[in-house]
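Undergrad: Residue numbers (the working numbering), protein chains in the order written: chain A, 2 to 467; chain P, 2 to 467.
All residues carry an ideal CB built from backbone N, CA and C; glycine is no exception.
Before we start, here is the structure in question, set down as structure tokens.
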């Protein structure tokens with residue numbers, strides 16, 4: 002309520018200032034209190050907002066004034082072009098999945114689950130508790146808080162079969178989100194100029210991190226049941242690559258889950274080439290009809306570098322992930338993290354651990370599974386009914402996305418524009434291909450806002466496809 | 002109170018488990034409640050802690066059990082040595098400044114202010130408010146929350162003289178701590194293999210970030226009043242460097258503050274060589290007898306890349322910093338941040354902005370100045386009295402550190418060990434030199450815990466020096 006009032010007062014003052022002279026004095030707090038029938042605290046909050054925006058300044062004991070705006074000259078930074086030399090890699094614009102769409106469109110492009118799928122109550126109470134504890138003012142060890150390291154190790158360890166040594170807490174390096182993990186892993190394990198095998202299509206964030214690290218990306222085709230192990234062996238042999246990046250559970254964008262037989266086959270290929278598998282278990286918490294089973298659970302020889310994130314399942318504001326690695330690989334990743342950011346906020350680590358160790362977390366996970374199932378089915382049925390030319394080759398057993406093949410010859414960029422004009426935002430599939438797209442695809446996310454609009458969205462897609 | 006009880010219960014159970022068989026059943030919650038006279042919530046919290054540590058597991062409806070520990074084989078990760086190839090740069094161990102010292106020693110080595118110097122009340126209430134708002138579940142734009150961008154722009158803008166165009170909010174990129182900024186700036190503006198000029202001595206974190214980025218570090222000597230501009234011009238000319246990294250206000254470790262005449266001289270040299278000055282204003286909030294005046298305030302031509310952090314002055318758990326840059330340089334830094342970590346937690350951004358826009362923030366800053374002054378004077382006097390052979394050449398007008406020259410020929414590593422055996426932890430000065438140390442130095446931090454022990458610490462140093 003107070004927040005709303007202070008926003009209202011700030012908006013009113015912004016309008017007033019549009020016609021006020023620079024240096025003009027604002028009404029006093031007492032006048033504003035009377036005028037808006039708000040408390041002095043609320044008025045002060047509105048004034049702080051405007052001060053933060055550089056619009057007003059207060060002189061203690063005198064009053065508050067419209068800030069004098071300095072006249073700007075046109076800027077010329079042309080000299081920087083020589084100083085900056087060629088960029089090491091092409092600078093990418095952010096992909097569709099990171100776009101913020103207006104509220105009045107149907108948004109099937111997003112990469113993050115909608116707020117209604119987050120454990121809001123658990124998150125708020127965990128953050129409130131953390132704000133009262135030591136974590137609010139403390140500094141974390143470089144590898145993370147020991148309790149959270151233990152939790153991540155235990156999560157993977159609980160899937161480890163008899164006869165395989167489970168990871169220890171000291172194998173865990175806590176990260177400020179899994180994107181930071183990808184950057185550090187590629188820098189630390191591949192190094193600039195060396196080859197990195199990736200599934201194709203694969204997660205655009207991994208492509209971006211690989212480009213930043215300056216590694217040479219080698220695509221290996223991958224379908225709804227993962228890559229062909231023979232093809233993989235050929236790629237290792239031909240390129241001398243020592244690292245494969247993959248998403249064995251509910252891959253982004255295809256939704257593929259590797260059959261368990263493929264786990265052993267890929268591990269054999271990786272071991273035979275003295276290589277690492279970087280397993281990005283991004284959708285561990287997003288199983289629908291199956292459960293995510295990490296390949297890493299079958300490895301205790303240091304061949305699998307396991308990446309698990311809580312950002313998407315707990316809250317995008319609690320950016321906590323972890324990499325589990327053994328041996329010198331772990332040491333190199335930790336050294337890179339140290340140089341990159343030293344440590345992760347203990348506030349966020351404590352809050353994340355609080356959320357995932359509450360009894361309510363299991364309840365939330367069960368309800369999330371049901372919600373994802375009904376959202377997925379709703380979108381699949383809507384597309385089949387209203388956009389029959391869009392082909393759903395594989396209904397995913399988990400994850401957040403449908404990967405849809407369009408009729409041959411479809412101009413995907415133009416289709417996306419046509420849809421957007423009609424009120425539907427979708428993500429063109431080309432962004433997930435490290436080289437040429439294997440065909441015209443779009444990715445449709447069924448975890449975004451307002452699932453009741455899925456049929457209308459599918460209708461727009463169907464009309465745009467003609 | 003509850004936290005203490007749950008810790009006590011967890012400790013009791015850990016002791017009990019040392020002699021319990023794997024798989025043994027724990028007492029029921031009801032029994033534990035009775036036994037410890039604690040609430041069920043407190044008991045559950047203790048059990049969650051032990052579950053998080055992987056020590057127990059609960060089977061719903063059955064009970065809680067000591068987790069069966071699997072026997073481990075000795076690990077052999079030798080195969081990784083070939084796969085990892087040579088490290089791109091020597092892997093550094095964390096420097097002394099990041100060490101956590103036991104409570105019973107006198108700690109003058111730290112890099113962070115003690116908790117009593119932090120605005121604890123403001124931090125806790127800001128985090129509590131943020132936990133209730135949108136920020137707890139939202140995602141920030143890649144460049145940061147607009148209100149926080151405005152605040153950082155306004156801070157630098159308020160120091161900008163008439164005739165110079167102040168920065169705009171869109172020139173600001175919010176960072177998860179300034180270390181991340183250094184890494185991105187060196188990657189984006191210098192590129193691997195290219196020269197980077199740095200003051201010598203300089204901040205070890207900058208040396209680490211530069212090594213990670215694979216740039217060639219070129220040291221330029223710098224004293225209590227900054228570098229010699231002629232020497233700087235020679236270094237630019239000889240190496241073709243396009244970037245200088247420096248700390249013009251209260252440099253770490255020397256405490257140097259550049260005289261204002263040097264601001265213009267260095268800017269002239271930088272401009273003449275078509276180069277960038279990366280200004281790390283790490284101690285902006287730590288003025289004692291002077292105030293930090295950014296060189297960046299005098300530049301509107303995109304030559305200064307300005308880095309400002311709130312981690313040390315607000316809370317190490319609120320890792321928020323910002324880089325202010327204009328033109329293509331800003332675009333390249335933002336692109337690197339996107340690939341590295343996509344965005345900064347909105348929870349931490351909102352909390353940071355809340356703290357620095359409270360009226361209590363100014364009060365805190367005034368009191369901090371007085372506390373730093375008395376701590377600095379206490380340590381200076383103690384060293385002069387009890388360790389007269391340690392030379393304080395320059396009493397800093399701000400910052401957190403004394404930079405102390407030891408008698409010629411002192412073995413600094415051995416001295417540090419001798420001091421530590423006697424109960425004093427100090428940071429050997431060599432860690433701040435990008436090449437050979439210019440002499441035997443130690444850095445003494447006067448912002449650490451328990452200033453009343455400074456005289457005893459100085460006495461130990463004096464005795465170790467003989």
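Alpha carbon to alpha carbon, how far is residue 437 of chain P from residue 106 of chain P? Give it in angstroms, no decimals.
TA: Each residue's Cα considered, the two are about 30 Å apart.
Undergrad: Roughly how many angstroms separate the alpha carbons of residue 444 of chain P and residue 277 of chain A, rounded to a whole number?
TA: Going by the C-alpha atoms only, they are around 42 Å apart.
Undergrad: Would you kindly work out how many angstroms separate the C-alpha atoms of residue 387 of chain P and residue 463 of chain P, rounded to a whole number?
TA: 6 Å
Undergrad: Residue range of the alpha helix (DSSP H) that residue 382 of chain A falls in?
TA: 360-387
Undergrad: Helix, strand or coil for residue 302 of chain A, going by three-state DSSP, please let me know.
TA: coil
Undergrad: Where do the N-terminal and C-terminal ends of the beta strand (DSSP E) with residue 198 of chain P fall, by residue?
TA: 196-201
Undergrad: What are the residues in the stretch 312-330 of chain A lying within 8 Å of chain P by C-beta distance?
TA: Look at the stretch 312-330 of chain A: the residues with a C-beta under 8 Å from a C-beta of chain P are 316, 317, 318, 319, 320, 327, 328, 329, 330.
Undergrad: So with Cβ pairs under 8 Å, would you call residue 236 of chain P a contact of chain A?
TA: no
Undergrad: Got a sec: which bits of the stretch 9-43 of chain P sit with their beta carbon under 8 Å from any beta carbon on chain A, in order along the chain?
TA: none
Undergrad: Go ahead and label residue 338 of chain A buried or exposed: buried means 16 or more other beta carbons lie within 10 angstroms of its beta carbon, across all protein chains shown.
TA: buried
Undergrad: If you follow the alpha helix (DSSP H) that residue 458 of chain P is part of, which residue opens it and which one closes it?
TA: For residue 458 of chain P, the enclosing alpha helix (DSSP H) starts and ends at 455-466.
Undergrad: Hey, residue 206 of chain P and residue 183 of chain P are a contact pair by Cβ (cut 8 Å); roughly how many whole angstroms apart?
TA: 7 Å
Undergrad: Are the stretch 263-279 of chain A and the stretch 215-233 of chain A in contact at 8 Å, needing three or more beta carbon pairs?
TA: yes
Undergrad: Roughly how many angstroms lie between the CA atoms of residue 328 of chain A and residue 77 of chain A, to the nearest whole one?
TA: 51 Å
Undergrad: Of the residues A/393, A/218, A/283, which one's Cα is nearest the Cα of residue 253 of chain A?
TA: A/283
Undergrad: Along the alpha helix (DSSP H) that carries residue 237 of chain P, what are the first and last residues, could you check?
TA: 230-240
Undergrad: Pop quiz: residue 85 of chain P and residue 333 of chain A are said to be a contact at Cβ under 8 Å. What is the actual Cβ separation, rounded to whole angstroms?
TA: With a Cβ gap of about 7 Å, residue 85 of chain P and residue 333 of chain A count as contacting.
Undergrad: Listing by chain order, which chain A residues have their CB less than 7 Å from the CB of residue 7 of chain P?
TA: None at all; the shortest Cβ gap to chain A is about 12 Å.
Undergrad: By DSSP, does residue 281 of chain P sit in helix, in strand, or in coil?
TA: Residue 281 of chain P falls in the strand class under three-state DSSP.
Undergrad: Quick check: the Cα distance between residue 259 of chain A and residue 410 of chain A, rounded to an integer number of angstroms?
TA: 30 Å
Undergrad: Is there contact between the stretch 411-426 of chain A and the stretch 6-20 of chain P, where contact requires at least three CB pairs shorter than 8 Å?
TA: Judged by Cβ distances under 8 Å, the stretch 411-426 of chain A makes no contact with the stretch 6-20 of chain P, as fewer than three pairs qualify.
Undergrad: Along the stretch 270-283 of chain A, where does the CB come closer than 7 Å to a CB of chain P? Name the residues.
TA: 275, 276, 277
Undergrad: So is residue 163 of chain A buried or exposed if we call it buried at 16+ other beta carbons inside 10 Å?
TA: exposed
Undergrad: Run through DSSP, which three-state label would residue 72 of chain P get?
TA: The predicted position of residue 72 of chain P is uncertain, since its pLDDT is 48 and thus under 50; no value can be drawn from it.
Undergrad: In whole angstroms, what is the alpha-carbon distance linking residue 58 of chain P and residue 144 of chain A?
TA: Near 25 Å, if we compare the C-alpha coordinates of residue 144 of chain A and residue 58 of chain P.
Undergrad: What residues in the stretch 175-186 of chain A bring their beta carbon closer than 7 Å to a beta carbon of chain P?
TA: 177, 178, 180, 181, 184
Undergrad: Mind checking residue 22 of chain A: buried by the 16 CB within 10 Å criterion, or exposed?
TA: exposed
Undergrad: Compare the C-beta of residue 81 of chain P against all C-beta atoms of chain A and say whether one is closer than 8 Å.
TA: yes
Undergrad: Spell out the partners DSSP gives residue 404 of chain A in its beta bridges.
TA: A/444
Undergrad: Is there a Cβ of chain P sitting closer than 8 Å to that of residue 213 of chain A, yes or no?
TA: yes
Undergrad: Label residue 72 of chain P either buried or exposed according to how many other C-beta atoms from any shown protein chain fall within 10 Å of its C-beta, with 16 as the threshold for buried.
TA: Bear in mind that a pLDDT of 48 at residue 72 of chain P, under 50, signals an unreliable position, so the number given afterwards is only what the model happens to contain. Burial call: exposed.
Undergrad: Starting from the beta carbon of residue 152 of chain P, find every residue of chain A whose beta carbon is closer than 9 Å, and list them in chain order.
TA: Within chain A, the residues near residue 152 of chain P are 52, 53, 54, 55.
Undergrad: I'd like to confirm something about residue 304 of chain P: is its beta-carbon nearer than 7 Å to some heavy atom of the ligand MG, or not?
TA: Questions concerning the ligand MG fall outside what the structure shown contains, since it holds no ligand whatsoever.
Undergrad: DSSP three-state call for residue 66 of chain P: helix, strand or coil?
TA: strand
Undergrad: In its own chain, which residues sit with a C-beta less than 7 Å from the C-beta of residue 123 of chain P, not counting the 5 before and 5 after it?
TA: 356, 359, 361, 362, 365.
Undergrad: Could you pull the start and end residues of the beta strand (DSSP E) that residue 159 of chain A belongs to?
TA: Premise fails: residue 159 of chain A is in no beta strand (DSSP E) and is neither H nor E.
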